[in-house]
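For the sequence shown, the working numbering gives the first residue as 1178, with consecutive numbering after it.
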Amino acid sequence: MAKNILINGFGSGISLALAEKFGAQGFGVGLVARSGQRLDAGVKMLEAQGIRAVPFQADLSDLKAIPKLVSDVREKLGSIDVVEWNAYASGAGDLLAADPAEVNAVLGIAVPSLVALVQAALPDLRANKGAVLVTNGGLGLLDDQVDAGAVGWKAMGLAVANAAKHKLVRLLAAQLKPEGVYVGEVIVLEAVKGSAWDSGSATLEASSVAAKFWQLYSERNTVSVKAP
């Protein structure tokens, strides 16, 4: 039977390249996003390449909706072999000026929503000896220069969320490894061409990030790598 990957937070850039990479290896692809228009466009592009793609319109910040989402995926796509998390929020740029509720919302996508999805998909992941793959960002690195950049760019909320997500990946990896479930992340250090962060000068190809994810998934022996 064909394997299936569920890509959460689908859009242009990394998530599309991931869908193409895994789809080319015979995976069925589930796409999750809030925008129906974005999903429809993604399905058309993937089907044109001979890749089976199924859209799922959902708000991943709604924790109560996530179990229903996973149930729908099982019904329409099949058993889940790989969960890929590409969703993020970028509010609370200035932590001292932001409403604390905005900080909570940014962290919510990075940790509780990801945890909720892994919990809901866990029976499949265990049965299939599957994987959890996470897209992360360099703003979460513990580095003085990175910290100064996050403050100057007013990306402090995202930096905190990325750091929390990095720790979550490591904890899940340690807990699930004995059960045969792999967990890993790619920390993206530059803007990706064609993504929302591309102001026209980005040089990092989304396909190279997708290739790193495929290597992580195939080798299953490294928790975290950086791109480029």
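Using N, Cα and C, we set each Cβ at its ideal position, and we do this for glycine too. Fair warning: this is a prediction, and the values are worked out from it, not measured in the lab.
Helix or strand or just coil, what does DSSP make of residue i?
i	result
residue 1382	coil
residue 1265	coil
residue 1369	strand
residue 1403	strand
residue 1398	coil
residue 1325	helix
residue 1240	helix
residue 1275	coil
At what residues does the beta strand (DSSP E) containing residue i begin and finish?
i	result
residue 1205	1205-1210
residue 1364	1359-1365
residue 1230	1230-1234
Around the Cβ of residue i, are there at least 16 other Cβ atoms within 10 angstroms (buried) or fewer (exposed)?
i	result
residue 1232	buried
residue 1224	exposed
residue 1330	exposed
residue 1312	buried
What's the gap between the Cα of residue i and the Cα of residue j?
i	j	result
residue 1266	residue 1235	15 Å
residue 1316	residue 1268	14 Å
residue 1352	residue 1358	9 Å
residue 1211	residue 1201	25 Å
residue 1190	residue 1364	15 Å
residue 1290	residue 1378	32 Å
In terms of DSSP beta bridges, what is residue i paired with?
i	result
residue 1181	1205
residue 1310	1261, 1361
Please report the residue range of the alpha helix (DSSP H) in which residue i lies.
i	result
residue 1248	1243-1253
residue 1318	Counting along the chain, residue 1318 falls outside any alpha helix (DSSP H), and DSSP gives it neither H nor E.
residue 1303	1289-1305
residue 1215	1213-1224
residue 1339	1333-1353
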